[in-house]
């Protein structure tokens, strides 16, 4: 009796010690997740990165300056000129509101941080949150050990780092946390059957909808899992509680987000959830009737219910199909369609196919982004099937769908990364479990009695007991809190019996001692390689802000700060209301940093408008001038990397301009710009290519730099070296020639013959007559 | 005067005779159209198989403007086996276009058969049996299709060749070409045969209906294939393998499994250097390595401990660890080779 209480006390002490240790490990994981993302700040500076983050930063600035109501109703006239854009209604507000509230909170605590600083560090903070959420989710699936391993893996997985380094202030930064946390709450509800968690789940889903368009992944994955559970005969009331409130509350909340609105009930992305909602009710009814009727009566009833159920389902299905078929794209958005039919985008939507993050990845990108986790995931999948629970089946579904989606679009690697971390965490933790158990149980035996064969039986019995205990511990997914024990009891009994049986049949569940220790050593090396790779990736590959570029050469470090130089020039030397045209990649930066109105930007909502700019860039000077003039454009900005060898410049993007332009204006034909199907800018280039605006603006005066006009990106001498611009004039070129800004020449200087006509047209107005007098003095 | 008269008369008669002879030997446009229509009706997919004789009859010797234009697909039996030309596929697409055109224009033909209506006929011509015609058109490379408008005098210069790009999307782009160049609208969408015929669909539906009670019963009883965990596990592992080896990339980009080496034609290239592209075989090879390591680890964790023989366990673990070590180092090596990255650790300066 005393001994048992002693062991009990020892057990609780160990548990408490484990709990404290686990807490500190989690703290360290959080700190690690935060600090590994600071390379960009240390190596460069605390700036916002790339393109989209600049827009988010600008929106956050607006929010902090003008308040939430103005933000909600914000109509932005500085972009998509002359159309403008309703920002409040077309933006996912989650990130902005999160950063805005952090800033507000800090300021109210008298910590005066600038908005930019808050924005820069939002992503690292949320990475720490995401790794904690991963711990919670994996703990629900396979226990604490797997949870800690998965959290540690997620803290440094390169795929996630690539989107969440300090300064990368984008939706994904908070969305991945929201995604994992929603999944955690779903699994938690599924394990406990508690309505409290179900409500939290809906709220978390709401946060996800606020943050990222990828929420459709959740609202399709969870119904798929529910359907899978039903089909494989795993329906339970817990499943109903986990699913039904999520659909009802989640859909209501989702439609509160302006950018989603009625899409939450009207687009096909959401129909799966409604269909499963109906099915789960039918199934719930069947189970209910089965419970209240005798088996004989039930057989009679089942035919009735099944026929009615099928009839209802068919009717709803028919309505859905009719609804879907009546819309032209069958109710699916282009991005979703290109996921389901991978060849769709490349055929029909060049603007989706043109974005580099929408390309399908190759195997090195997997190795770069999830590294050695790719080896561990199969083991994790197998572990999830032994034994298969509701939670682990969800994880299997998550990894399979996400691995497929990531295969279609490289940016969805981000969704795969948490799943891969969780799976690898499970695999690693199970492997360590087996190997350390082998050592732990065999090591004392090695010292005690190498020849005592009589002991073996008793030790084996002990082993079985220990094993049993640990196995049942593991199968108890939530050992601490179980509000509704009733529901779970039955399920757990089943699980326990399935585990006990094989354990009793086989006795000693250990592996050879020395082999286990070598295996542990190998696994540690394996993990160490992962850490080295992740740190390297964070430091070298993913920390470049792309607004400031550096290059190492034999004579030291070179910094290319041309973008900010150009935007600063625009901000200081042009009129506040001047319009600047550039390819859409630079729209967000121009509005945020130069504070000038742009024609198109990275929010590619209007294909025609982008095609207009693309057409202008691919036309000869005069038609291009006319297009730009009709859009009130004063300045044209091109990015040119030929002098310093910056490969993602406009000349390399030019074929997409042609394609997108040609998609709307058929007189722009891609073959005209290609010589025998090859894109070239040297002497063999086509005349159309050599005369288009993009070529001229990029290579104007380029020959003056080295006398030959050698392009260091295309590695060739340019085709047409000496030419003059007739309709544009160069006003600014940055230090390394990376950004070149041109001004549209005013029409009256240019067309002498037409001046009479314009004079007769505009007799009224003193300003006009003044301009005419100027004109006469002009030698033109 | 009298002596001149007979000469003039005889000349006139001669002229008339020549004209009449010519008229008798070359049939009128109407006859040719009728003949073409009979030829068309003989072929199941509604296009005419031309040879040298027919080409000369309908094109070279027929007076311009002809009351019809021909859309000719150039085929070669000996090149059909070459996969990069896609000749059989394009031929079937062409047949599809022809059939759809016929279906959309059947009404017009029946209602308005007055002369002067513009007629379009779809023809194909085979290289082996009509080499002269190929020379006549000046066709030297395949795939090739040409539209011979009604007014074309010289087959080589006045006919309109179709661009390579117009082949790209099959029948749809060919129809676009017709509409753009010949101003002949197709009059409706391309009528593709459904992947399963209505009869098959009915049969499937019936089979489903008949089997559904049994299926539902088995689902309720819980002993179908979908209740088998091993099936799901295999499926999940397969999807993972499929995804991680970059198969979607191969499908979307139409990547071949391997390339022939340009410098040495006997060798095949299985691994492509440069991270933007991959070949089919290399993806599967690396995916296989991923799977091997994962499955060995899973086996060691979950099944090996139940083995009775300790030496078998030891042997398996040894082999497994060696294989895993080899696979991981191979993938790391391949990745470094392919991407050109050199991954290194960051040590404190004092350790150096």
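Residue numbers (my numbering), protein chains in the order written: chain A, 69 to 848; chain B, -2 to 349. For each residue, glycine too, the CB sits at the ideal point set by N, CA and C.
**Message:** Does chain B have any CB closer than 8 Å to the CB of residue 433 of chain A?
**Reply:** Looking up residue 433 of chain A in the first chain gives position 365. Cβ-Cβ to chain B under 8 Å: yes for residue 433 of chain A.
**residue 508 of chain A versus residue 514 of chain A - alpha carbon distance** = The residue labelled residue 508 of chain A in the question sits at position 440 within the first chain. The residue labelled residue 514 of chain A in the question sits at position 446 within the first chain. Cα-Cα distance, rounded: 11 Å.
**Asked** Under the three-state reduction of DSSP, which class applies to residue 87 of chain A: helix, strand or coil?
**Response** Within the first chain, the letter at position 19 stands for residue 87 of chain A. Note: residue 87 of chain A maps to helix in three-state DSSP.
**Request:** Could you pull the start and end residues of the alpha helix (DSSP H) that residue 66 of chain B belongs to?
**Result:** On the second chain, residue 66 of chain B is found 69 positions in, with the first residue counted as 1. Premise fails: residue 66 of chain B lies in the beta strand (DSSP E), 65 to 72, not in any alpha helix (DSSP H).
**Message:** I'd like the ranges of any alpha helix (DSSP H) spanning at least 4 consecutive residues and lying wholly in the segment 580 to 624 of chain A.
**Reply:** 581 to 604
**Message:** Just to make sure I have the definition right: I need the residues of chain A whose C-beta is within less than 7 Å of the C-beta of residue 242 of chain B. Which are they?
**Reply:** Taking the second chain and counting its residues from 1, the one referred to as residue 242 of chain B is at position 245. The contacting residues are 431.
**Message:** Quick check: is any heavy atom of the ligand MG less than 7 Å from the C-beta of residue 786 of chain A?
**Reply:** In the structure on display, the ligand MG does not appear, and there are no ligands present to speak of.
**Request:** Name, please, each residue of chain A whose Cβ falls closer than 7 Å to the Cβ of residue 283 of chain B.
**Result:** The residue given as residue 283 of chain B occupies position 286 in the second chain. By Cβ distance, chain A contributes 431.
**Item:** Those residues which DSSP pairs with residue 784 of chain A across a bridge
**Value:** As a position in the first chain, residue 784 of chain A is number 716, starting the count at 1. In DSSP, residue 784 of chain A forms a bridge with A/779.
**Request:** Use the C-beta contact count for residue 172 of chain A: other C-beta atoms within 10 angstroms, 16 or more gives buried, fewer gives exposed.
**Result:** One-based indexing of the first chain puts residue 172 of chain A at position 104. Exposed is the call here.
**Request:** Kindly say whether residue 467 of chain A, judged by its beta-carbon, lies nearer than 8 Å to any beta-carbon of chain B.
**Result:** Residue 467 of chain A sits at position 399 when you count from the first residue of the first chain. Yes, its Cβ sits closer than 8 Å to a Cβ of chain B.
**Prompt:** So which residues on chain B does residue 449 of chain A lean against when the C-beta distance must stay under 9 Å?
**Reply:** To locate residue 449 of chain A, count along the first chain from 1; it is residue 381. Under the 9 Å cutoff, chain B gives 230, 233, 234, 237, 291, 295.
**Item:** Proximity to residue 194 of chain A [Cα-Cα], best of A/441, A/99, A/785, A/609
**Value:** For the purposes of this step, residue 194 of chain A is taken as the residue at position 126 of the first chain. Ranking the options by Cα distance to residue 194 of chain A, first place goes to A/99.
**Request:** Just confirm the distance between the C-beta atoms of residue 330 of chain B and residue 446 of chain A, as a whole number of angstroms; I'd bet it's less than 8 Å.
**Result:** In the second chain, the residue the question calls residue 330 of chain B occupies position 333. In the first chain, the residue the question calls residue 446 of chain A occupies position 378. Their Cβ separation, rounded to whole angstroms, is 21 Å, which puts residue 330 of chain B and residue 446 of chain A out of contact at 8 Å.
**Request:** Report the neighbours of residue 580 of chain A on chain B: residues whose CB is nearer than 9 Å to its CB, in chain order.
**Result:** The count along the first chain starts at 1 and reaches residue 580 of chain A at position 512. Here the neighbours are 307, 308, 310, 311, 314.
**Request:** Please classify residue 365 of chain A: is it buried, with 16 or more other beta-carbons within 10 angstroms of its beta-carbon, or exposed?
**Result:** Along the first chain, read from residue 1 onward, the residue named residue 365 of chain A stands at position 297. It is exposed - the Cβ of residue 365 of chain A has fewer than 16 other Cβ atoms within 10 Å.
**Prompt:** For the segment 327 to 341 of chain B, which residues have a beta carbon sitting closer than 7 Å to at least one beta carbon of chain A?
**Reply:** 328, 332, 335, 336, 340, 341
**Prompt:** Which residues, in order along the segment 266 to 282 of chain B, keep a beta-carbon less than 8 Å from a beta-carbon of chain A?
**Reply:** 272, 273, 274, 275, 279, 280
**Message:** Under 8 Å, with one C-beta from each stretch per pair, do the segment 271 to 280 of chain A and the segment 439 to 457 of chain A reach the 3-pair mark?
**Reply:** no
**Item:** Residue interval of the beta strand (DSSP E) (run including residue 801 of chain A)
**Value:** Numbered from its first residue, the first chain carries residue 801 of chain A at position 733. 796 to 801 is the extent of the beta strand (DSSP E) around residue 801 of chain A.
**Request:** Identify, in the order they occur along the chain, each residue of the same chain with its Cβ nearer than 6 Å to the Cβ of residue 813 of chain A, setting aside the five sequence neighbours on each side.
**Result:** On the first chain, position 745 is the one that residue 813 of chain A refers to. Correct list, in chain order: 795, 797.
**Prompt:** Leaving out five residues before and five after residue 107 of chain A in sequence, what residues of the same chain have Cβ atoms less than 6 Å from its Cβ?
**Reply:** For the purposes of this step, residue 107 of chain A is taken as the residue at position 39 of the first chain. Here the set comprises 606, 607, 611.
**Request:** Write down the C-beta distance between residue 243 of chain A and residue 282 of chain A rounded to the nearest angstrom, noting that I regard them as a contact closer than 8 Å.
**Result:** Looking up residue 243 of chain A in the first chain gives position 175. Looking up residue 282 of chain A in the first chain gives position 214. Correct: roughly 6 Å between the Cβ atoms.
**Message:** If I follow the unbroken beta strand (DSSP E) through residue 706 of chain A, where does it start and stop?
**Reply:** As a working note, residue 706 of chain A is residue 638 in the first chain. Counting along the chain, the beta strand (DSSP E) containing residue 706 of chain A begins and ends at 701 to 707.
**Request:** Under 8 Å by Cβ, that's how I've got residue 283 of chain B and residue 320 of chain B pegged, so tell me the actual separation to the nearest angstrom.
**Result:** If you number the second chain from 1, residue 283 of chain B lands on position 286. If you number the second chain from 1, residue 320 of chain B lands on position 323. Contact doesn't hold; Cβ gap of about 15 Å is too wide.
**Prompt:** Per DSSP, which one or two residues make a beta bridge with residue 743 of chain A?
**Reply:** Position 675 of the first chain holds residue 743 of chain A. DSSP lists A/746 as partners of residue 743 of chain A.
**Through-space distance from residue 111 of chain A to residue 83 of chain A, alpha-carbon basis** = Within the first chain, the letter at position 15 stands for residue 83 of chain A. Within the first chain, the letter at position 43 stands for residue 111 of chain A. Roughly 43 Å between the two C-alpha positions.
**Prompt:** To which residues does DSSP link residue 120 of chain B through a beta bridge?
**Reply:** Here residue 120 of chain B refers to the residue found at position 123 when the second chain is read from its first residue. Beta-bridge pairing links residue 120 of chain B to B/45, B/69.
**Request:** Assess, as a yes-or-no matter, whether the segment 776 to 786 of chain A is touched by the segment 675 to 687 of chain A under the definition of 3 or more beta carbon pairs within less than 8 Å.
**Result:** no
**Message:** With three or more C-beta pairs closer than 8 Å as the rule, is the segment 453 to 467 of chain A touching the segment 226 to 237 of chain B?
**Reply:** yes
**Item:** Bounding residues of the alpha helix (DSSP H) (the contiguous stretch that carries residue 340 of chain B)
**Value:** Taking the second chain and counting its residues from 1, the one referred to as residue 340 of chain B is at position 343. No alpha helix (DSSP H) holds residue 340 of chain B; DSSP gives it neither H nor E.
**Prompt:** Could one say the Cβ of residue 35 of chain B lies closer than 8 Å to chain A's Cβ atoms, at least one of them?
**Reply:** Residue numbering aside, residue 35 of chain B sits at position 38 when the second chain is read from its first letter. For residue 35 of chain B, the answer is no, since every Cβ of chain A falls outside 8 Å of its Cβ.
**Message:** On the DSSP bridge list, what partners appear for residue 648 of chain A?
**Reply:** Counting from 1 along the first chain, the entry for residue 648 of chain A is found at position 580. Partner(s): A/666, A/703.
**Request:** Starting from the beta carbon of residue 472 of chain A, find every residue of chain B whose beta carbon is closer than 7 Å, and list them in chain order.
**Result:** Mapped onto the first chain, residue 472 of chain A falls at position 404. What residue 472 of chain A touches in chain B: 236, 240.
**Residues near residue 696 of chain A in its chain [Cβ-Cβ closer than 8 Å; skip 5 each side]** = Translated into the one-based positions of the first chain, residue 696 of chain A becomes position 628. The answer, listed in chain order, is 649, 684, 704, 812.
**C-beta neighbour in chain A for residue 249 of chain B, strict 8 Å** = For the purposes of this step, residue 249 of chain B is identified with residue 252 of the second chain, where counting begins at 1. Taking Cβ atoms only, chain A reaches closer than 8 Å to residue 249 of chain B, which makes this a yes.
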